[in-house]
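Just so you know, the sequence shown maps onto residues 153 to 572 in this note's numbering. Ideal Cβ positions, reconstructed from N, Cα and C, are used throughout, including at glycine. Bear in mind that the values here come from a model prediction, so they are computed numbers and not experimental data. A short write-up of the structure that comes next.
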Amino acid sequence: MGQVVSTTACVQAGSYPVSAGVHCLPPDLTRRFKKISKEILSDDVTDIIIRVAEQGAEPNHYPHDTTKPAFSYKYMDAGWWTSGFFPGSLWLLYERSLHMPLSTSSSDILDLALSWQEGMESQQYNKGTHDLGFMIMPAFYRDYQLRGSNSSRDIVINAAHSLSTRWNETVQCIRSWDSMSSPRWNFSDKNKNFLVIIDNMMNLELLYRGAELTDDDELARRATEHAKTTMAHHIRPDDSTYHLVNYNPANGDVQGRYTVQGYADNSTWARGQSWGVYGYTTAYKHTKDPEFLSTAKRLATYFIKRMRETADNTGMVYWDFDAPHTTPPIRDVSAAMVVCSGLLELYELTGDAQFLPDVAQMLEYAIWHSKAPNDADTVLRGATVNNSPDNKNPSFETGLVYADYYLLEIGNRLLQLNLA
153 MGQVVSTTAC VQAGSYPVSA GVHCLPPDLT RRFKKISKEI LSDDVTDIII
203 RVAEQGAEPN HYPHDTTKPA FSYKYMDAGW WTSGFFPGSL WLLYERSLHM
253 PLSTSSSDIL DLALSWQEGM ESQQYNKGTH DLGFMIMPAF YRDYQLRGSN
303 SSRDIVINAA HSLSTRWNET VQCIRSWDSM SSPRWNFSDK NKNFLVIIDN
353 MMNLELLYRG AELTDDDELA RRATEHAKTT MAHHIRPDDS TYHLVNYNPA
403 NGDVQGRYTV QGYADNSTWA RGQSWGVYGY TTAYKHTKDP EFLSTAKRLA
453 TYFIKRMRET ADNTGMVYWD FDAPHTTPPI RDVSAAMVVC SGLLELYELT
503 GDAQFLPDVA QMLEYAIWHS KAPNDADTVL RGATVNNSPD NKNPSFETGL
553 VYADYYLLEI GNRLLQLNLA
């Protein structure tokens, strides 16, 4: 799939280092990405994030999704799984400010980033969640990367060890949810149920980085074995994915496969598929295991195929590729942003550009058809948190903090790839 690209190495014009796998793209695709970058890197985008940051929030509360129709943020406490994305968004802007001028100074952005991450520090010891990667890495690891902060380095290390406590040697996985219930089932006994969701692939980088910072190979081993177990049991023969697998904690046997936030157990929840693409790209980055690279590409190929089929090649991403279509459609721009960021990293790692025309198309759709109103708290709209028929309080067509986070990450990736 995709188009053939030149294998002549590009000359990097920006201030980021050249990535080993990057090659020149066809001129028309390069022009498309530069036009996209102009929108993502605009002052309008920066100003929305800064406005929300300067408004502040109740102590230790963080943006999650938005109300309708006002698109004003609803806030959750620091223990909620999305709490790290808004501080992380500020760190992405700070990183960007080191490579291009923004409407807010680097020093002011840094002050906001440090202020917003402060309420997250206690989460480094939270052993009750698998989401510590989402909660800790976006802010604290970037603080360590960009400024060499020893305190943030220690927080990353402590969080990695906290996450590692959820490991089960028999199952060969990190436990995701402690319990889960729906109108169809009730998994409340941890001694009988070991629940693992595809999203957990995104939290493995915390273990890999913790291993790098401490030379603790056990952290990396657990991340790698988790990825292998998920590869064996979450992926269907057609390369679509289940959301949830329930293992027997005593012997590691699979007891059932489900989809909690998607349409049905046998459907493909778009964001779950995107977590898989990004997660296996990350696993390949840290291990160079060709099986992980192959898996990332297979999941991506399926995602792109279904995106094209269900949205008539418009670049729109439905919330679930198998859900009945409605008018207006129920989209998930967050799934699009996650998969686009993951595929840009895959290109950076390997030089394989086969998915980039579709990445450009999804970004074009998001920019020109999923922008939130000018006075909204988010850049994007059209995100679906959970529209499962089992969910009594569905959330769709909203702004969502991690849709914006991955949009900002995409902007920084395009800068790094000299596509801005």
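{"Item": "Given D527 as reference, the closest of G551, G563 and G414 once Cα atoms are compared", "Value": "G551"}
{"Item": "Counted within 10 angstroms of its Cβ, other Cβ atoms place A384 as buried (16 or more) or exposed", "Value": "exposed"}
{"Item": "Cβ-Cβ separation, G494 to V429 (assumed contact under 8 Å), whole Å", "Value": "5 Å"}
{"Item": "Three-state secondary structure (DSSP) of A524", "Value": "coil"}
{"Item": "Inter-residue Cα distance where the pair is A487 and M514", "Value": "10 Å"}
{"Item": "Cβ-based neighbour list, R565, same chain, cut-off 8 Å, excluding 5 preceding and 5 following", "Value": "S493, L496, E497 and E500"}
{"Item": "Simplified DSSP assignment, three categories, for Y394", "Value": "coil"}
{"Item": "According to DSSP, residues forming a beta bridge with M332", "Value": "F339"}
{"Item": "Same chain, Cβ closer than 6 Å to N345, five either side skipped, listed in chain order", "Value": "F339 and N398"}
{"Item": "Residue closest to E247, alpha-carbon to alpha-carbon, out of R299, I387, A311 and L177", "Value": "R299"}
{"Item": "C-beta atoms of L359 and R336 nearer than 8 Å", "Value": "no"}
{"Item": "Y277 classed as buried or exposed, judged by whether at least 16 other C-beta atoms fall within 10 angstroms", "Value": "exposed"}
{"Item": "Option nearest D484 by Cα separation, candidates T462, R458 and A535", "Value": "A535"}
{"Item": "Distance CB(M354)-CB(G280) smaller than 8 Å", "Value": "no"}
{"Item": "Pairwise C-alpha distance: R458 and V491", "Value": "13 Å"}
{"Item": "Helix, strand or coil at H213 [DSSP, three-state]", "Value": "strand"}
{"Item": "Local conformation of I482 per DSSP, three classes", "Value": "coil"}
{"Item": "For K437, the three-state DSSP class (helix, strand or coil)", "Value": "helix"}
{"Item": "Close-in-space but distant-in-sequence residues of the same chain around S158 (CB under 8 Å, 5 per side omitted)", "Value": "Residue placement at S158 cannot be trusted, given a pLDDT of 39 that sits under 50; what the coordinates show is reported in the next sentence. Same-chain partners within the cutoff: H175, C176, L177 and P178."}
{"Item": "Straight-line Cα distance separating L560 from K187", "Value": "15 Å"}
{"Item": "Span of the alpha helix (DSSP H), counted from its first residue to its last, around Q207", "Value": "D195 to Q207"}
{"Item": "Rounded straight-line distance, which links the Cα of Y415 to that of T453", "Value": "21 Å"}
{"Item": "Rounded Cβ spacing between V308 and L365 (contact assumed at less than 8 Å)", "Value": "6 Å"}
{"Item": "Backbone secondary structure at Q155 - three-state DSSP", "Value": "Low confidence applies to Q155: its pLDDT is 41, below 50, so where it sits in the model is not reliable enough to give any reading."}
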